[in-house]
Structure formats: structure tokens, C-alpha cells
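For the sequence shown, full-length UniProt numbering assigns the number 247 to the last residue and increments by one with no breaks. C-beta atoms are modelled at their ideal positions from N, C-alpha and C, and glycine is treated no differently. If you're wondering where the values come from, they're calculated on a predicted model, not measured in any experiment. Single-structure report; data block below.
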Amino acid sequence: MINAYNKPVGVIDDEEALDIVGSAVLKLWDAVDDLSRLRPAHTPDYHVTIFGSARIEENTPAYEAVKQLAAQLAAMGCRIVTGGGPGLMQAANEGASQGAPNKPEASVGIRIDLDFEQNVNDFVGRVFEHKTFFSRLHHFIMRSNAFIVTPGGIGTLLELSMVWQLIQVRKLYDTPIILVGEMWHELVDWAQHYMVDNNAGLASPVDMQIPIVVDTIEDAIHLIREHHERWQKTDRELKPARTSPPR
């Protein structure tokens, strides 16, 4: 058997082996990039991804608020996507199962394999498993029509930052990202101060308008309702074109 360097397998050195592995991995990423382009311009279902802390306990005000948020969105016809774990992810999945009790597919979990967080929560109707954060984050992006960010830690901040940048560089279009709570007000204020107002030129003023910061879940529901209605209107306009027989 001859390898890419025209040498018998087992005779190459470590540097050549790493080059071959690196080249193969890059080719795999090219295949993933090509497949990601197959996403339809208009998805068959409207998905809202809710990001939030895994550490928030049940029966707390934050947990109940996120559960109510997801329940109202699911009742509206949205599918709710979370990381599938505990805390506010569980709250959102529980709310989705309450808002659409006969539609288990309305509660989606996109899990990451972690040693300290083994089980998907009991309210996920459809689960996807990932081994890496990179593929998991990409899955969130591919599946979501809108994002809501509730209180969270470093993982939630990572998810928020990725979506924010993808909208900034126009890899996502017409995809609202709504931040709920005082902590996000302060984050955006910090970004405005250090990236824009001090004339460092680290970001543009328009970039600070990408995340929509609200104080209550009612505000978030109102914004999603408006966006969902526009999405439904587009869906109705596209259906005749999809269902008309060929001439």
C-alpha cells in the first residue's frame, strides 16, 4: 500500500504523518462546508434556540421564567432548541413540552458529551449528540431561526459571541438574537465603551445594534412573535411555488 508521499505505510516520519492527518481533516471540513450550503432558504419549521446556564436550580424565579418563555413560544408553533442539559436548558425544554404537549419534536436538545454532565434532561423530545463544541455550535446555527440568551456563564457567553459575530459578518441573515436580563445590558455597554466609544476602532457602532437587549421574557416573546409572523408570511408566499405542478 502506498501513501500520499509514495512511501510504504509505516516508513514515514512523524512530521509527514501529521501533514497527512492535517490534510485529511481539512478535506473533511471542506465536505462539511459544502453540505452546510444545502440548508434551505426557508426552513419547514421555525426554531428558537434558548441559551442559558446549566447551574440554575429548579423552582427558582429564573427557571420558572424561562419555562414560561418556552411554553408560550411552543404554543405559538415554535420548536424550542437547547443544549439538552440541566438548569435553564431543562427549563426551556420543560416549557416546550408543556406548550406543545402532543408534539415531542417541539422540544429539541443538542447535547455535548461531558464527563460531569452525562444525561439529557427528561423533557427533550428529540436529541442530537455531539463530541465537540465546534460541531455542536455549528448545529445550533444551522437549526435556528432566532436566538434567545438568558442568564448564563462562560458557555452561554461563547454561544452568544459566536452568533453575534456570524450576524456581524453576514453569515446569518434575518436572525434575531435577543438577550434577556441586566447582565447582558452591562455586557453590551462594556462592548460599546471599549470597542467603539474610545475610538479604538475595534468594532463599528452598527455592531452594537445586533443583539437586542430586553428586560423581561414578555419583551422577548413579543419580538419573537413579530419575527415568527413575518416568517409565516414568507412561508405562505413560497408554498404556491413549491406545490404548483410543472408546466
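- Around the beta carbon of Ala-200, fewer than 16 other beta carbons lie within 10 angstroms, which makes this residue exposed.
- Counting only runs of 3+ residues, the beta strand (DSSP E) found wholly inside the region 52-86 occupies 79-82, in chain order.
- Counting only runs of at least 3 residues, the region 167-241 fully encloses the following beta strand (DSSP E) elements, listed from N- to C-terminal order: 177-180, 211-214.
- A contact between stretches requires three or more CB pairs, one per stretch, nearer than 8 Å, and the region 56-73 meets this requirement with the region 86-99.
- Rounded to the nearest whole angstrom, the CA to CA distance from Asn-93 to His-130 is 18 Å.
- In this structure, the alpha-carbon of Gln-168 lies about 43 Å from that of Asp-13.
- When DSSP assignments are scanned along the region 128-170, the uninterrupted stretches of alpha helix (DSSP H) that are 4 or more residues long and fall wholly within it turn out to be 133-143, 154-168.
- Taking a cut-off of 8 Å for Cβ pairs, the region 144-157 and the region 117-128 do not touch, as fewer than three such pairs fall below it.
- Per the C-alpha coordinates, the member of Gln-98, Lys-103, Ile-141, Ser-97 positioned closest to Ile-110 is Ile-141.
- Remark: C-beta atoms of Trp-164 and Pro-211 approach each other more closely than 7 Å.
- C-alpha of Ile-112 to C-alpha of Met-208: approximately 30 Å in a straight line.
- Our two residues, Ile-221 and Leu-69, have alpha carbons roughly 7 Å apart in a direct line.
- In the DSSP annotation of this structure, Gly-99 is not part of any beta strand (DSSP E); the continuous alpha helix (DSSP H) holding it starts and ends at 88-99.
- The DSSP-derived three-state label of Val-120 is coil.
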